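Chemist: If you count by my numbering, then the sequence shown holds residues 78 to 123, one letter each, in order.
Where is the CB? At the ideal position from N, CA and C, for every residue including glycine.
Everything numeric in this text was worked out from a predicted model, so none of it was measured.
Below you will find the structure I want to go over with you.
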Amino acid sequence: MRRSPAGRSGRPVNLTYVDPKTRNRIMAGVLVLMFALVAMASALGR
């Protein structure tokens with residue numbers, strides 16, 4: 078049984094119909110989160 082990436086809503090995530098400005102904001106947010114995680118991991122690893 079395959080699970081959709083949307084989780085419990087059952088609707089698959091489709092980024093092609095998201096307006097480009099919103100998609101850019103989402104991608105920027107993901108990048109910032111990844112950077113924060115890497116910075117935190119390196120700070121904790123010392």
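#1: Where S119 and F112 are concerned, what is the direct C-alpha to C-alpha distance, given to the nearest angstrom?
#2: For L110 and Y94, what's the separation of their Cα atoms in angstroms?
#3: Helix, strand or coil for G122, going by three-state DSSP, please let me know.
#4: Give the DSSP-derived three-state secondary structure of V115 in the structure shown.
Modeler: The short version:
#1: 11 Å
#2: 24 Å
#3: coil
#4: DSSP, read as helix, strand or coil, puts V115 in helix.
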